[in-house]
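Residue numbers (our numbering): 309 to 1312.
We treat Cβ as the ideally placed atom computed from N, Cα and C, and that holds for glycine.
Keep in mind the model is a prediction, meaning the values are calculated, not measured.
Report on the structure given below.
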Amino acid sequence: MTLPMFTYHIVLSLPLALILWHCQKASALSLVSSTNCPKDQSFALLGLKNSFSFAKDASLDCRGSYPKMVSWKNGTDCCSWEGIICDPISGQVIEVDLSCSWIQGPIPSNSSLFHLQSLQRLNLAFNYFNHTKMPSKFGWLTGLTHLNLSTTYLSGPVASEISYLSKLISLDLSLNDELILEAPDFSRLVHNLTDLVELYLDFIDMSTIAPSSLVNLSSSIQSLSLGLCQLRGNFPEKLFHLPNLQLLSLSVNSELQGSLPRSNWSSPLMFLQLGGTKFSGELPDSIGNLKSLMILDFYGCNFRGSIPASLGNLHQLTELSLAENNMTGVIPDVFGNIGNLFRLAFTNNSFTGQLPSSIFSLRKLSRFDPSQNKLEGGLPEEICTLSNLTYLDLSYNSFSGKIPSCLFSLPTLSTLHLNNNKLAGELGEFKSKSLTDITMNDNMIQGRIPPSIFGLRSLTILSLQSNNLSGTVELEKFSVFTNLSILDISFNSLSVITDVSGNSSLPMFYSLGLSACNISELPDFLRTQNRLTVLSMSHNRIHGQIPEWLSTSVVKNSLKSLVLSHNFLTRVNRFPPTLESVDLSSNMLQQPFPVPPQSMYIFLISNNKLFGELPPTICNITNLMILDVSNNSLTGTIPECLEILSNQLSVLNLGRNSFHGKFPGRFGEEAILRNFDMNGNQFEGPLPTSLVNCKMLEVLDIGNNFVNDTFPTWLETLPKLEVLVLRSNRFHGPIGSPKTNASFSSLRIIDLSHNDFSGILPETYFKNFQGMVTVDDSNSAPEYMGDVYYMDSVALTMKGMELQLERILTIFTTIDMSSNRFEGQIPEVVGELRSLVMLNFSHNSLTGHIPSSLANLAKLESLDLSSNQLTGSIPQQLSGLNFLSKLNVSYNQLLGMIPKGGQFDTFPTNSFEGNLGLCGFPLPEECGMTPQAPPSVPIETEDSESLFDWKFALMGYGCGLVIGLSVGYIVFTTGKPWWLVRMVEKQQQKLSRKLDKGRRRKTN
309 MTLPMFTYHI
319 VLSLPLALIL
329 WHCQKASALS
339 LVSSTNCPKD
349 QSFALLGLKN
359 SFSFAKDASL
369 DCRGSYPKMV
379 SWKNGTDCCS
389 WEGIICDPIS
399 GQVIEVDLSC
409 SWIQGPIPSN
419 SSLFHLQSLQ
429 RLNLAFNYFN
439 HTKMPSKFGW
449 LTGLTHLNLS
459 TTYLSGPVAS
469 EISYLSKLIS
479 LDLSLNDELI
489 LEAPDFSRLV
499 HNLTDLVELY
509 LDFIDMSTIA
519 PSSLVNLSSS
529 IQSLSLGLCQ
539 LRGNFPEKLF
549 HLPNLQLLSL
559 SVNSELQGSL
569 PRSNWSSPLM
579 FLQLGGTKFS
589 GELPDSIGNL
599 KSLMILDFYG
609 CNFRGSIPAS
619 LGNLHQLTEL
629 SLAENNMTGV
639 IPDVFGNIGN
649 LFRLAFTNNS
659 FTGQLPSSIF
669 SLRKLSRFDP
679 SQNKLEGGLP
689 EEICTLSNLT
699 YLDLSYNSFS
709 GKIPSCLFSL
719 PTLSTLHLNN
729 NKLAGELGEF
739 KSKSLTDITM
749 NDNMIQGRIP
759 PSIFGLRSLT
769 ILSLQSNNLS
779 GTVELEKFSV
789 FTNLSILDIS
799 FNSLSVITDV
809 SGNSSLPMFY
819 SLGLSACNIS
829 ELPDFLRTQN
839 RLTVLSMSHN
849 RIHGQIPEWL
859 STSVVKNSLK
869 SLVLSHNFLT
879 RVNRFPPTLE
889 SVDLSSNMLQ
899 QPFPVPPQSM
909 YIFLISNNKL
919 FGELPPTICN
929 ITNLMILDVS
939 NNSLTGTIPE
949 CLEILSNQLS
959 VLNLGRNSFH
969 GKFPGRFGEE
979 AILRNFDMNG
989 NQFEGPLPTS
999 LVNCKMLEVL
1009 DIGNNFVNDT
1019 FPTWLETLPK
1029 LEVLVLRSNR
1039 FHGPIGSPKT
1049 NASFSSLRII
1059 DLSHNDFSGI
1069 LPETYFKNFQ
1079 GMVTVDDSNS
1089 APEYMGDVYY
1099 MDSVALTMKG
1109 MELQLERILT
1119 IFTTIDMSSN
1129 RFEGQIPEVV
1139 GELRSLVMLN
1149 FSHNSLTGHI
1159 PSSLANLAKL
1169 ESLDLSSNQL
1179 TGSIPQQLSG
1189 LNFLSKLNVS
1199 YNQLLGMIPK
1209 GGQFDTFPTN
1219 SFEGNLGLCG
1229 FPLPEECGMT
1239 PQAPPSVPIE
1249 TEDSESLFDW
1259 KFALMGYGCG
1269 LVIGLSVGYI
1279 VFTTGKPWWL
1289 VRMVEKQQQK
1299 LSRKLDKGRR
1309 RKTN
């Protein structure tokens, strides 16, 4: 019998102190009575024994378990049996402790256990009752004061008859994740159990119970543990003031809200655990009144503000976690007052500044984790005064300078995480032999790998990738490590020699990273790696075919992830049968599509030279989640069976091939598609409306095909859609209006360019683009769209050039509706999309003025309004757009002075050409009086100017510049010679001079 993996995961995620607390409550001393137990009691216990079988696996969660009941013998005094305590006078059994006793099987409703009517204590914890329902007859044992059924794999509703046990002092039903406690039963339980001191209900489904009902608990309660109970709503603040409360655990109730008392808070609390909830607000100074507090866990809440100085009053504190909140500011100098602290974590907040000196006074500190903040500065030598450190995690900050060499000499330090900082300089000598886990990746560390690192014989993890390390590394030297399971030295300036002599034996790696290590072939030693699960050797010089031995040697039985992208591989014949993830992108594979094994989850083979059709056998890969075959030469239609995979595919990228026919069009309601990229093929027909079932869709790119359809308004119901690319198809007609205020509310990138859309610009949709109004750019490190397995990409026209964004920044926003037939004015509401980086309305038939509200787009880098019929002047306010590096308003009917200052002083002449009424820098025309009408003098009287020149120019001016600019547009877009363009410009300059002459003559 194997216990569910879910249970192991959850148990391990509980705070260690809480698990120990439960284990202490689950154990009891067995005392021997001097009085023989009655025969009926002995028969009842033997009947209980005979109803079960015994297996060690039934008590895997318990250390030191053994089958207590096996020693029970008929004809002996049951009061002397293991786990049994009798009343010293009557001989009645008053306590049964069978915790951790290998018991396996259900508890039947007629179990002889319920005949023991004198029971006061019953402990059946850490056994396996086979997911059966809790018998209602527990309610018969009305004399019980202590009942422990923790981790017994009971299921279904908690028996309502438990509320009959009015004498209960301690009730533990925790860690039974299939138990359900309904609101009416909980109300009865709280109402009747007035003597309750300890209540443990962790992992029980209490989703129907309002947290407000907890206020009815007895004031005598000392321990209340409700972790992972699916509680939701507001937690009553009154419970923090219970006079006897020592333990309160509400961990991992992700929908539970609340705040801490801001005043009059004094309590005997020793354990306060709110991690994984939505408790929010600032940490009040009153928290410093909890003088008995030993463990404080606020991991992953929504607390904000700074750490109160009153924390320094908590002298009994041994564990403190403020990790993953919204705490800001400088870390206060209060920790030195907490003399007993040995675990300190405030990871993943927004703390700034340097490490406070008070931390270096915590000489008992064994675990220190301030990772994922914004801490900076150098690492002081004083950190080495923490001589009892076993775990140090400074990762994901902005620490700089050299790593203090004394860190490598701390006598008890086993785990050292310095990754993702700005640390530089060379590594010092490793003198301590206690280090087992070293991660220093993603820094700027330089020099050679020090030889002393090979003296760390207990090393299990070494990660140095993405630094500036240099020199030659002989992989054979790693033979000294017998327990090294993870090695990654990728992306440095290292040259790795992979030859291993017959006398050496490399450790059996679990994960091996040798990317960008100047390696020319897959090393032979991989043949004997029977534990290797992850192999990454991208960005090397590996040529030719993937060797057959990769699919025939012992490594084939363990290898699950293979990354060989960015090499020079030409062919792959077979894959190891256990593979779940493969990245062969950016090679020179010139062959038909290689079908991966059925175990595959992720298959990336883009940017190669694959040809032929996508075979139907790909549909046999029933676990496939990510498929990227983009940028190849594949042809044919898409296998219909691929539509069946839509319920499990998260990414389907077939872009930039030569597929034809209709789009895959049968996406079921269970579809989990997140990225759907068909750009650059020959698909035709309408867009399949079944895409509306893909509620998880974030990226939809069908650009550069032959889709003939109207605007897919039905996509507006997709709540997570962030990228919509329809460019260069045959879409037509007006866009229309949204049906709800939430339409396209998550959209950040929309490209409708090069279609045949008409009508006015979709103002009502612009109002809904909340994803373009505010974008969180507070993170110092860039974040990209996608997940840990696949980064999204998209092709866009940026600042006049079509580029492929290999990664999409989460703060990048753009609107491109160019080259259509839109008309009317540019809506003022566009100026409310304050996070826009690029805006392109060019090559339409837009009229009216340029809205001055565009000056609100403070992050705008590119603005293209060219080739329209816009009138009026360029708003002077646009000169305040400090990030605007590309502007094009050419070929409109704009007039007046070009704004001065800011970025406008850097734009070239072609940004403004084709506007007869514009003047000022950078155009050669200086600003004077603006012409109001054509000259009244006869054209024939003008000297030395051709009649053709005048007609050409007047035709443009007299008709509102429409015809004149049309000629300019034709010259611009049809690629006519430059000299012809200049000729048109000269005619316009002549017109300006002639108009000025005519005005002066008329005035005289």
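Closest Cα partner of residue i within the set the options
i, options, result
"residue 893", "845, 857 and 885", "845"
"residue 826", "837, 800 and 809", "800"
"residue 760", "505, 506, 741 and 680", "741"
"residue 783", "1006, 698 and 795", "795"
"residue 353", "412, 957, 1128 and 389", "389"
"residue 1200", "753, 1215, 1219 and 1191", "1219"
"residue 1157", "1134, 1228 and 665", "1134"
"residue 705", "663, 622 and 680", "680"
"residue 361", "387, 348 and 376", "376"
"residue 688", "673, 675, 1225 and 712", "712"
"residue 1216", "1232, 1224 and 1204", "1232"
"residue 898", "378, 587, 867 and 852", "852"
C-beta contact flag for residue i and residue j at 8 angstroms
i, j, result
"residue 700", "residue 721", "yes"
"residue 684", "residue 656", "no"
"residue 480", "residue 508", "yes"
"residue 862", "residue 891", "no"
"residue 790", "residue 769", "no"
"residue 1092", "residue 934", "no"
"residue 428", "residue 451", "yes"
"residue 1041", "residue 1065", "yes"
"residue 431", "residue 407", "yes"
"residue 1123", "residue 1147", "yes"
Same chain, Cβ closer than 6 angstroms to residue i, neighbours up to 5 away in sequence not counted
i, result
"residue 503", "477"
"residue 608", "583, 584 and 632"
"residue 364", "410"
"residue 964", "938, 939 and 988"
"residue 1161", "1136 and 1139"
"residue 329", "Residue confidence is low: residue 329 scores 47 on pLDDT, short of 50, so the model does not pin down where it sits. No coordinate-derived value is stated."
"residue 848", "827 and 875"
"residue 1051", "1024 and 1076"
"residue 1151", "1126, 1127 and 1175"
"residue 1230", "1217"
"residue 526", "502 and 504"
Beta-carbon proximity list for residue i, same chain, < 8 angstroms, skipping 5 on both sides
i, result
"residue 571", "592 and 594"
"residue 835", "857, 861, 862 and 863"
"residue 813", "787"
Same chain, Cβ closer than 7 angstroms to residue i, five either side skipped, listed in chain order
i, result
"residue 522", "544 and 547"
"residue 717", "739 and 740"
"residue 1094", "1100"
"residue 601", "577, 578, 580, 622, 624 and 625"
"residue 1021", "1044"
"residue 516", "490 and 491"
"residue 1014", "990, 991, 992, 1037 and 1038"
Residues bridged to residue i (per DSSP)
i, result
"residue 881", "None, per the DSSP bridge assignment."
"residue 682", "660"
"residue 732", "710 and 752"
"residue 944", "967"
"residue 972", "Paired residue(s): none; residue 972 is not in a bridge."
"residue 612", "590 and 634"
"residue 653", "629 and 677"
Test: residue i CB closer than 8 angstroms to a CB of chain C
i, result
"residue 885", "Within the model displayed, chain C is absent; a lone protein chain is all it includes."
Open item on the list: As an exercise, report each continuous beta strand (DSSP E) stretch of at least 3 residues that is fully enclosed by the stretch 770-842, in chain order.
Closed with: 776-782, 794-796, 801-805 and 819-821
- [ ] Counting only runs of 4+ residues fully inside the stretch 845-875, write out the alpha helix (DSSP H) ranges in chain order.
- [x] none
- [ ] Write down every uninterrupted run of the beta strand (DSSP E) in the stretch 383-467 whose length is 3 residues or greater and which is fully enclosed by it, in chain order.
- [x] 392-394, 401-405, 429-431, 454-456 and 463-465
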